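A quick write-up on the structure given underneath.
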Amino acid sequence: MQGITYHISNRIATITLNRPDKRNALNGEVVRELRAAFAEAEADENVKVVILAGNGKAFCAGADLEYLQQLQRNSFEENLIDSKELMQLMQDIYSLEKVVIARIEGDAIAGGCGLASVADLSYSVPDAKFGYTEVRIGFVPALVSVFLVRKIGEGRARELLLTGRLISAEEAVKYGLINGVIAAGSIQEEVQALAEKLCVETSANSLKITKQLVSAALDKPLQDALEAAARTNAETRQHPDCQKGIGAFLNKLKPDW
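Under the working numbering, the first residue of the sequence shown is numbered 458, with each subsequent residue one higher.
Here it is in structure tokens:
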């Protein structure tokens, strides 16, 4: 892998965009490397939480210039294949069976903001800027729009996507785009502590099922969603993790997750 690094410690896989000279900008190769890394984390039973980060002064500045130039030369079919690869990356992250935390230590722009949007939890340093600037260059934020409307609602999504304006980390919290702002000197430590807490205090099966419930909540009519939730509830009660957790609770013990 040339554009990212992959590291595992204490059941936490850290995937780091590693093109600081390019502000961690995306291209086809980086997208493929990210997909491979997330697939590896999902398949590894020793990994329970994934942290997505960026090396250098930016989290991710979107597509790099050489990549944009190549896209102009592509045929429609080539661009469709390329677009579907990026689509699959976003879907991989959104649907991963493990919790994904974005640790944002610099600007998250366009596709980079898209990565922050599909993570389960996102935390940023105060100075980071966020925005979907595609309309400024005659492009469209097509893929991220699908996820962003689900995450922050139609009204705010329209504002951000149509204006292409950049917002501060504090504004991003107010919009519901990210979960919190943490001082630059402590964000790595605090995000790591959160990931370790999830590893120690929660059931991997419960995290997986809860992610699926949240993702599916808007896809079904209310009654269908409730019926599916009731079935999931009953199925989960039979899972060894649930039996273990309830048994520990009743005996005033702490379950070993």
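Just so it is clear, CB atoms sit at the ideal spot from N, CA and C, and this is done for glycine as well.
Source: prediction; values computed, not measured.
By the 10 Å Cβ neighbour count, where 16 or more other Cβ atoms means buried, how is residue i classified, buried or exposed?
i, result
"S574", "buried"
"R476", "buried"
"V671", "exposed"
"E684", "exposed"
"F533", "exposed"
"F706", "exposed"
"K677", "exposed"
"R688", "exposed"
"K711", "exposed"
"L572", "buried"
"K555", "buried"
"A674", "exposed"
"E490", "buried"
Closest by CA to residue i, which one among the options?
i, options, result
"R468", "T620, V504, Q680 and G621", "V504"
"Y589", "Q645, E616, A576 and E647", "E616"
"E482", "L522, E502 and Q459", "Strictly speaking, residue 482 in this sequence is Ala, with Glu absent from that position. Nearest of L522, E502 and Q459 to A482, Cα basis: L522."
"I465", "D539, E499 and N690", "E499"
"E486", "E502, Y524 and I472", "Y524"
"H696", "L664, A673, S625 and E535", "L664"
"F604", "R530, S552 and D681", "S552"
"R622", "K631, K586 and V657", "K586"
"Q526", "Q645, N484 and I644", "N484"
"Q529", "D584, G595 and Q548", "G595"
"D478", "S540, Q459 and K541", "Q459"
So residue i and residue j are supposed to be a Cβ contact under 8 Å. How far apart are they, rounded?
i, j, result
"G569", "A614", "Contact doesn't hold; Cβ gap of about 17 Å is too wide."
"V648", "I508", "6 Å"
"G702", "S660", "6 Å"
"E562", "G511", "7 Å"
"W714", "E646", "No, W714 and E646 are not in contact; Cβ-Cβ is about 22 Å, not under 8 Å."
With DSSP as the reference, please indicate the residues paired to residue i in a beta bridge.
i, result
"V506", "I469 and V556"
"V638", "S581"
"S625", "K586"
"I561", "S581"
"Y463", "I472"
"L483", "A520"
"I566", "G588"
"G511", "L474"
Is the separation between the beta-carbon of residue i and that of residue j shorter than 8 Å?
i, j, result
"V488", "L543", "yes"
"K668", "D577", "yes"
"S579", "A599", "no"
"V582", "E591", "no"
"I550", "F495", "yes"
"L655", "V506", "yes"
"L546", "R593", "no"
"K608", "G637", "no"
"L619", "S602", "no"
"A629", "A567", "no"
"I635", "A626", "yes"
"E502", "Y463", "no"
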